[in-house]
Amino acid sequence: MVGGTLFYRNFIIPNQAAQYYEQGLTMIREAGVYPKNSEARKKKFFEAEESFARGENILPNHLKYLNLYGIEYTRVEEYDRAFEKLFGRVSPDFGAGREEPLSNSWDKREKVPIITLSPGQVWDNGKLPIAGKNGSENRMILIAQDGIQRKIMKAGAYIVMRLEKQTHDNSTYKNLGRFHSSIMPSFTESSLGGGKYKNDQLAINFFKQVYTDGNEPYDEESTAGIAKVYYNRREFGKAASFYNKIVEIDPSSPVGQGGLLSTYIEMWKEDGNPQFVINHHRQIKNNLDIEKKLSLHVLSKLASFYTDLNQKELRIRYNINPIDQVSGMEVNDNALEILDLIYYKTEEDPVTGTETEGSKYAEGYYQRGRYFSSIKESIQARRFFEKAATLDPAHYLASTELAENAIRLANFSEADKLLNESLKRFENYKQSYGAREEDETLIQGNVGRIYFDKAKIQYLSAAGIHEKDKITEFPGRKIYPFRARTEMDMLAKTRSMELKNSLDGFSKAESVQIDENEFTLIRRWRTPLPVRIQRELRYFKGWVDYMNGDFPASLNEWSGFEDEDEYNHSTLLMGKANAFFYTGQYKASLGNYLKVQDDMEEKLLNMGLPKPDDPYHQEVYQTLVAAYNNIGAVYEKQGNTAEALKHYWKAIETARKINEVSEIAMSNKDLMFKKEAIGQDPLLEDWLSPTLDSVKKLTKE
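Written out as structure tokens, the structure reads:
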């Protein structure tokens, strides 16, 4: 009989309570998918609290479930509910009493409250609102270091731990540390009603309670929690020092090694040196053999690192062998191998125990899409971006990638629809960023990219001016400044205005980087626009000025290019050369034309016989025709008629090879000795392609 009673008390009752508690946890997770303040969300929370009350009725003050409810409420941005479960609710609240200093409040205090029951009092559940009951008006009183008496209105895990059970529960300390160090904008931003509980120093001290009162001086989770606080503040040196404390005790700790790896990747983003990341990854993989044990988040981040790595720079600039001497694998091959690890991995949440399957992990698909995009496998990339966007409604970067793919295919209506969706995703979810580890990718994204893409659609749609013009082929790419055109019809004027309007979008894309009204978390972590986009943006803005005949303004925009960018883009060199010519800078103009001439002549050597029907042949030959003519024009302005005539003839003869007639070169040749008498300057072939990319690259994409 005694055995049966013990079995009922120790097994049946706890299981019954656990079933109700677990039902409530499920309700909270389900509530998270509904919009804030929606009736569906409120209903789920009501049902969650009903289930909690049923569990409480059987087994009240359950530390495990008080903690779990606090965690789940935090993740769905219900911070008052979360704190009530993790700590409790007292009156007056800390920092809210009439005579106490504000430094006692949760967002300002540094010390963990050391609480006791008021003298003469004993713990009495009957005085608490448990299992739906109101509780006694004569509430229990607690006292902290400040000596102020506070009524216990609701007992959370911390109050239960210290006052009823009179123990030190390390899970409670750690979960309060996690809570106070949360980074979601809805938790930290006063404009969103946050900031009430945000306190990194208090969080660190809760973690340290585990070392002291909790009697676990080497607790891994607490040390990782402190490291994460510093990491989130971008104090990477301090973060690394705490992760190092973990691996000094346990070199095979996936938490410690993964934390170091993640921190080193952020340091690489700042200084460009990949050495720490590569060396540390090789140690984890080859020496410790714990690569598979790294979290899904760290693995995704590592795959992204290898996708972005410039292999050419490794040996030349950083003296790193791109081949792993142990595995024989080249560095860029790591990305795909790591992505495969993600797909087949199942991960258990270290706090709640819930499982995440790698095959359903959106960030893994997003990074797989980025990898295939980097190796020009656009169809494969699109498939994985679609999967990521479907699995994660917050992933605005995945839908942005899909939009950019549509832009490359000139499907502008689809692209614009996807970009609008991306903006909606960003605005709907940005206040929640930081609730999940993988949100780091979204936090570091730059929404200016979306504004750039929208402006780019406007720009490309209007660049040809006439609807029949195709900017991906010739002669559509031969676009002359407006002043050189014949009278425009109404449609052409509208397209011209659209082109000017695109400048507003480009300016908006640039302004995002300095937007001080954005949430602190996003301002602190957002990365600059990708170099590719910055390059295009400067070129597009200069091109619009060029088309409007404002050559000084175009030169001003194009002066921001790096030397390498200039010498890799004959289109940019040509535009600058023409603008230099029109502003009387003939020496600078000639230098740019001669570089274009050399580039195009070198390409001709590798092209074989001219193919007039080949767009790439058209591009090279027509660019060379323009360079020859314009070199002739510079020489003519400088009074060197022999060189001028020679280059006009070169332009004429080169054009004939692709069955074209260079009318401008012909005119310059015929009028060379008459221009001075009639007061006319030599004519330039001043057409300019609206994109930096060559026809060959555009058609490949």
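The numbering of the sequence shown is full-length UniProt numbering, which starts it at 1 and goes up by one.
Ideal Cβ placement from N, Cα and C applies to all residues, glycine included.
Legend entry - Neighbourhood of Gly256 by C-beta, 6 Å cutoff - its chain only, sequence neighbours within 5 removed: By one-based count along the sequence shown, residue 256 stands at place 256. Cβ neighbours of Gly256 beyond the five flanking positions: Tyr243, Ile246 and Val247.
Inset, instruction - Compare the Cα-Cα distances from Trp687 to each of Ala509, Leu419, Lys478 and Gln534 and report the closest residue. - result: Stepping through the sequence shown from its first residue, residue 687 is reached at position 687. Ranking Ala509, Leu419, Lys478 and Gln534 by Cα distance to Trp687 puts Lys478 first.
Legend entry - Gly542 to Asp308 span [Cα, whole Å]: Taking the first residue of the sequence shown as position 1, residue 542 is located at position 542. Taking the first residue of the sequence shown as position 1, residue 308 is located at position 308. Each residue's alpha carbon lies about 28 Å from the other.
Inset, instruction - Provide the residue span of the alpha helix (DSSP H) that contains Met574, from first to last. - result: One-based indexing of the sequence shown puts residue 574 at position 574. Its alpha helix (DSSP H) spans residues Ser570 to Tyr582.
Inset, instruction - Could you name the residues of the same chain whose beta carbon sits closer than 7 Å to that of Pro322, not counting the 5 residues immediately before and after it, in chain order? - result: As a position in the sequence shown, residue 322 is number 322, starting the count at 1. Hits under 7 Å: Gln311, Leu314, Arg315, Glu330 and Val331.
Legend entry - Assigned secondary structure, Ser662 (DSSP; H/G/I helix, E/B strand, else coil): Translated into the one-based positions of the sequence shown, residue 662 becomes position 662. Ser662: coil per DSSP, three-state reduction.
Legend entry - Proximal residues to Pro690 (C-beta, below 8 Å), its chain only, five neighbours per side dropped: By one-based count along the sequence shown, residue 690 stands at place 690. Cβ neighbours of Pro690 beyond the five flanking positions: Tyr459, Leu460, Ala463, Gly464, Ile471, Arg477, Ile479, Phe540 and Trp543.
Legend entry - Top-ranked residue by Cα proximity to Arg234, from Gly259, Gln283, Asp681 and Trp525: Residue 234 sits at position 234 when you count from the first residue of the sequence shown. Considering only alpha carbons, the answer is Trp525.
Legend entry - Whole runs of the alpha helix (DSSP H) within the segment 370-434, excluding any shorter than 4 residues: 378-391, 396-408 and 412-429
Inset, instruction - Below 6 Å CB to CB, which residues in the same chain sit around Tyr433 once its five sequence neighbours on both sides are set aside? - result: If you number the sequence shown from 1, residue 433 lands on position 433. These residues qualify, in order along the chain: Asp439, Leu442 and Ile443.
Inset, instruction - Note down the Cα distance separating Val90 from Lys174, rounded to an integer number of angstroms. - result: As a first step, residue 90 is located in the sequence shown; it is residue number 90 there, counting from the start. As a first step, residue 174 is located in the sequence shown; it is residue number 174 there, counting from the start. Spanning the two alpha carbons is a distance of roughly 21 Å.
Legend entry - Beta-carbon separation (whole angstroms), Val160 vs Leu59, contact threshold 8 Å: Translated into positions along the sequence shown, residue 160 becomes position 160. Translated into positions along the sequence shown, residue 59 becomes position 59. Contact between Val160 and Leu59 is ruled out by a C-beta separation of about 12 Å, above the 8 Å threshold.
Legend entry - Distance between Leu192 and Leu518 (C-alpha atoms, nearest Å): Residue 518 sits at position 518 when you count from the first residue of the sequence shown. Residue 192 sits at position 192 when you count from the first residue of the sequence shown. Per the sequence shown, residue 518 should be read as Glu rather than Leu. Using only the alpha carbons, I get a separation of about 12 Å.
Legend entry - Bridge partner(s) assigned by DSSP for Lys154: Stepping through the sequence shown from its first residue, residue 154 is reached at position 154. The partner list for Lys154 (beta bridge, DSSP) reads Arg89.
Legend entry - Straight-line Cα distance separating Pro185 from Ile522: Counting from 1 along the sequence shown, the entry for residue 522 is found at position 522. Counting from 1 along the sequence shown, the entry for residue 185 is found at position 185. Cα-Cα distance, rounded: 9 Å.
Inset, instruction - Measure the alpha-carbon distance for Tyr218 versus Lys376 and round it to whole angstroms. - result: Within the sequence shown, numbered from 1, the residue matching residue 218 stands at position 218. Within the sequence shown, numbered from 1, the residue matching residue 376 stands at position 376. Cα to Cα, Tyr218 sits roughly 48 Å from Lys376.
Inset, instruction - Could you check the C-alpha separation between Gln16 and Asn57 for me, to the nearest Å? - result: For the purposes of this step, residue 16 is taken as the residue at position 16 of the sequence shown. For the purposes of this step, residue 57 is taken as the residue at position 57 of the sequence shown. Whole-angstrom Cα-Cα distance: 10 Å.
Inset, instruction - Could you tell me the boundaries of the beta strand (DSSP E) in which Thr441 lies? - result: On the sequence shown, residue 441 is found 441 positions in, with the first residue counted as 1. Counting along the chain, Thr441 falls outside any beta strand (DSSP E), though it belongs to the alpha helix (DSSP H) covering Asp439 to Gln444.
Legend entry - Spatial neighbours of Ile12 in its chain, beta-carbon cut-off 7 Å, leaving aside the 5 residues before and after: Translated into positions along the sequence shown, residue 12 becomes position 12. No residues qualify anywhere along the chain.
Legend entry - Ile143 - partner residues in DSSP beta bridges: Numbered from 1 along the sequence shown, position 143 holds the residue referred to as residue 143. BP columns for Ile143 point to Thr116 and Gln149.
Legend entry - Buried versus exposed, by CB contacts within 10 Å (16 or more), Gly126: One-based indexing of the sequence shown puts residue 126 at position 126. So Gly126 counts as exposed.
Inset, instruction - To the nearest angstrom, report how far apart Ala455 and Lys493 are at their CA atoms. - result: Indexing the sequence shown from 1 puts residue 455 at position 455. Indexing the sequence shown from 1 puts residue 493 at position 493. Cα to Cα, Ala455 sits roughly 18 Å from Lys493.
Inset, instruction - Starting from the C-beta of Thr571, find all residues in its chain whose C-beta is less than 6 Å away, skip the five residues before and the five after it, and write them out in chain order. - result: Start at 1 with the first residue of the sequence shown, and residue 571 comes out as number 571. The answer, listed in chain order, is Ser689 and Leu692.
Inset, instruction - Between the Cα of Val112 and those of Leu294, Lys208, Ser241 and Ala82, spot the shortest distance and give me the residue it belongs to. - result: Position 112 of the sequence shown holds residue 112. Closest by alpha carbon: Lys208.
Legend entry - First through last residue of the alpha helix (DSSP H) which encompasses Thr654: As a first step, residue 654 must be located in the sequence shown, where it is residue number 654. Its alpha helix (DSSP H) spans residues Thr641 to Arg656.
Inset, instruction - Take every Cβ of the segment 38-48, pair it with every Cβ of the segment 141-153, and state whether three or more of those distances are shorter than 8 Å. - result: no
Legend entry - Thr356, DSSP secondary structure in three states: Here residue 356 refers to the residue found at position 356 when the sequence shown is read from its first residue. The answer is strand: DSSP assigns Thr356 an E or B state.
Legend entry - Cβ distance (whole Å) where Asp107 is taken to contact Tyr197 below 8 Å: Within the sequence shown, the letter at position 107 stands for residue 107. Within the sequence shown, the letter at position 197 stands for residue 197. Confirmed, Cβ separation roughly 6 Å.
Legend entry - Contact check, Asp453 vs Ala389, beta carbons under 8 Å: The residue you call residue 453 lines up with position 453 of the sequence shown. The residue you call residue 389 lines up with position 389 of the sequence shown. No, they are not a contact pair.
Legend entry - Proximity to Lys228 [Cα-Cα], best of Arg178, Asp250, Thr356 and Ser252: Within the sequence shown, numbered from 1, the residue matching residue 228 stands at position 228. Of the candidates Arg178, Asp250, Thr356 and Ser252, the one whose C-alpha sits nearest the C-alpha of Lys228 is Arg178.
Inset, instruction - Could you tell me the boundaries of the beta strand (DSSP E) in which Glu216 lies? - result: One-based indexing of the sequence shown puts residue 216 at position 216. Where Glu216 is concerned, there is no enclosing beta strand (DSSP E), given that its DSSP letter is neither H nor E.
Legend entry - Extent of the continuous beta strand (DSSP E) run through Glu348: On the sequence shown, residue 348 is found 348 positions in, with the first residue counted as 1. Here the beta strand (DSSP E) through Glu348 covers Thr346 to Glu348.
Inset, instruction - Determine, using beta carbons only, whether Phe87 and Gly195 come nearer to each other than 8 Å. - result: Mapped onto the sequence shown, residue 87 falls at position 87. Mapped onto the sequence shown, residue 195 falls at position 195. No, the pair does not count as a contact, with Cβ atoms beyond the cut-off.
Legend entry - Alpha-carbon to alpha-carbon, Gly214 and residue 781: Residue 781 cannot be examined here, being either before or after the span of the chain that is shown, 1 to 701.
Inset, instruction - Output yes or no for whether 8 Å exceeds the beta carbon distance between Ile230 and Ala224. - result: Locating residue 230 in the sequence shown gives position 230, counting from the first residue. Locating residue 224 in the sequence shown gives position 224, counting from the first residue. In the sequence under discussion, the amino acid at residue 230 is Tyr, which differs from the Ile named in the question. Against a cut-off of 8 Å, the Cβ pair of Ala224 and Tyr230 comes out as no contact.
Legend entry - Same chain, Cβ closer than 8 Å to Pro14, neighbours up to 5 away in sequence not counted: The sequence position of residue 14 within the sequence shown is 14, counting from 1. The answer, listed in chain order, is Leu59.
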